[in-house]
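With this note's numbering as the guide, the letters of the sequence shown map in order to residues 337 to 665. Don't be surprised by glycine CBs; every beta carbon is placed ideally from N, CA and C. All of these numbers come straight from a predicted model, not from anything done at the bench.
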Amino acid sequence: MPSSTPKVSIGLPVYNGARYRREALDSILGQTFRDFELIISDNASTDETAAICADYAARDPRIRYHRRPHNIGATANFNHTFELARGAYFKWAAHDDVLAPRWLEKCVAALDQAPDAVLCQSLVELVDEQGVRLEEYDLTAFGTDSTRPSVRFAARLRPHDCQDVFGVIRTDVLRRTDLMGYHLGGDRTLLIDLALLGRFVLVPEILFLNREHPWRFKRQHRYPSSELAWFTPGRTQHSRFEGWRMLRTWVLCGKSLRAVHRRVPLGRERLRCYAQLLASLRYRARWQYLLAEPLLLLDPKLVAKVKRIKRTLLRQDRTHAPASEPSPR
Numbered sequence: 337m338p339s340s341t342p343k344v345s346i347g348l349p350v351y352n353g354a355r356y357r358r359e360a361l362d363s364i365l366g367q368t369f370r371d372f373e374l375i376i377s378d379n380a381s382t383d384e385t386a387a388i389c390a391d392y393a394a395r396d397p398r399i400r401y402h403r404r405p406h407n408i409g410a411t412a413n414f415n416h417t418f419e420l421a422r423g424a425y426f427k428w429a430a431h432d433d434v435l436a437p438r439w440l441e442k443c444v445a446a447l448d449q450a451p452d453a454v455l456c457q458s459l460v461e462l463v464d465e466q467g468v469r470l471e472e473y474d475l476t477a478f479g480t481d482s483t484r485p486s487v488r489f490a491a492r493l494r495p496h497d498c499q500d501v502f503g504v505i506r507t508d509v510l511r512r513t514d515l516m517g518y519h520l521g522g523d524r525t526l527l528i529d530l531a532l533l534g535r536f537v538l539v540p541e542i543l544f545l546n547r548e549h550p551w552r553f554k555r556q557h558r559y560p561s562s563e564l565a566w567f568t569p570g571r572t573q574h575s576r577f578e579g580w581r582m583l584r585t586w587v588l589c590g591k592s593l594r595a596v597h598r599r600v601p602l603g604r605e606r607l608r609c610y611a612q613l614l615a616s617l618r619y620r621a622r623w624q625y626l627l628a629e630p631l632l633l634l635d636p637k638l639v640a641k642v643k644r645i646k647r648t649l650l651r652q653d654r655t656h657a658p659a660s661e662p663s664p665r
């Protein structure tokens with residue numbers, strides 16, 4: 337049984353996630369660390385999700401199950417789970433991920449021992465639908481565990497995976513952010529803000545399985561308009577040139593500049609952050625995708641090809657951290 341105010345809140349937003357729902361719920365409820373609440377926000381699912389969640393909620397008092405009367409979009413549903421949270425720590429969970437039994441215990445312990453850290457995640461193993469290992473992800477590979485804001489900022493500006501967002505985060509720190517942004521890449525922009533607020537720490541064990549399968553969001557929504565409709569219904573009118581719009585919003589129009597100004601005191605470290613922001617424009621994965629994006633208006637079938645190129649370039653970028661971004665540990 338959790339305490340009246342649990343130490344950890346786990347937010348599980350879901351829409352039509354019945355396929356892997358039971359395995360994900362079992363892995364959460366089977367954690368050795370038990371002082372948590374599980375907040376499930378069902379975004380008006382039309383499959384068996386509601387029946388599965390109601391069944392689990394009836395058997396475990398740690399579960400708080402909420403069903404939306406209509407689909408409000410993935411971003412709003414993610415943020416809604418946090419708005420209901422009561423714990424000192426918060427974690428978003430996905431309906432198709434699996435946690436090892438000691439994942440929560442070890443992440444909480446790592447944050448307890450590191451007051452300057454804002455987020456903790458373990459090593460992540462990406463597996464396919466049969467559980468076959470595809471690759472491993474280390475959130476600290478480029479320097480998010482550094483004590484220097486400029487190094488953490490540079491690390492999160494790099495175009496790489498966002499598995500960090502499913503780690504354990506300090507609730508009071510998360511409340512200082514804008515949460516998930518209402519645009520493509522809202523998880524990335526949230527992590528940029530969190531990196532400016534404090535360092536990320538790693539549990540150096542593979543305790544988190546992220547599943548790659550045919551029903552995953554990125555496999556089901558291959559077009560920018562479809563992706564944006566999933567995140568924010570009613571905003572698809574902005575889907576054209578989405579990559580250029582993000583670059584303009586987050587780099588050229590200065591949202592990242594404002595984040596640095598808000599989070600980093602005036603001095604050399606702030607100047608280093610500005611330099612890293614300029615340096616981030618050189619990443620070839622970002623520019624090659626942006627240069628190809630206008631072609632999508634002429635032939636939407638190019639989306640799949642462009643995304644394959646982008647994934648290849650991102651994998652190459654992940655394996656080569658630039659010398660200009662040292663990572664003091």
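- Approximately 7 angstroms separates the beta-carbon atoms of residue 530 and residue 509; this is inside 8 angstroms, confirming the contact.
- Here residue 409 carries a coil assignment [DSSP, helix/strand/coil].
- With contacts defined as CB atoms closer than 8 angstroms, residue 426 and residue 345 qualify as a contacting pair.
- Note: residue 442 is not bridge-paired with any residue in the DSSP secondary-structure output.
- Judged by DSSP secondary structure, residue 389 falls within the alpha helix (DSSP H) whose first and last residues are 385-395.
- Between the beta-carbon of residue 532 and that of residue 611 there is about 15 angstroms, and that puts the pair past the 8 angstroms contact cut.
- Comparing alpha-carbon positions, the option among 355, 462, 439 and 423 lying closest to residue 472 turns out to be 462.
- Here the segment 422-442 makes no contact with the segment 390-403; the two share fewer than three CB pairs at distances below 8 angstroms.
- Under the criterion of beta carbons closer than 8 angstroms, residue 380 and residue 402 do not qualify as touching, at roughly 11 angstroms.
- Annotated as proximal: residue 536 and residue 480, with beta-carbon spacing under 8 angstroms.
- When only Cα atoms are considered, residue 474 and residue 483 end up about 17 angstroms apart.
- Scanning its chain for C-beta atoms nearer than 7 angstroms, with the 5 sequence neighbours on each side dropped, one finds around residue 476 the residues 536 and 538, in chain order.
- For residue 381, there is no enclosing alpha helix (DSSP H), since its DSSP letter is neither H nor E.
- Under the three-state reduction of DSSP output, residue 431 falls in the coil class, being neither helix nor strand.
- For a cut-off of 8 angstroms, the C-beta gap from residue 441 to residue 372 is around 11 angstroms, too long to register as a contact.
- In the displayed model, residue 342 falls within coil according to three-state DSSP, outside both helix and strand.
- DSSP lists no bridge partner for residue 364.
- Distance from the Cα of residue 430 is smallest, within the candidate group 517, 376 and 486, for 376.
- In the three-state reduction of the DSSP assignment, residue 456 falls in the strand class.
- For residue 482, the three-state secondary structure derived from DSSP is coil.
- Rounded to the nearest whole angstrom, the C-alpha separation of residue 468 and residue 361 is 21 angstroms.
- DSSP places residue 539 in the strand class (E or B) of the three-state scheme.
- Counting along the chain, residue 403 sits inside the beta strand (DSSP E) bounded by residues 399-403.
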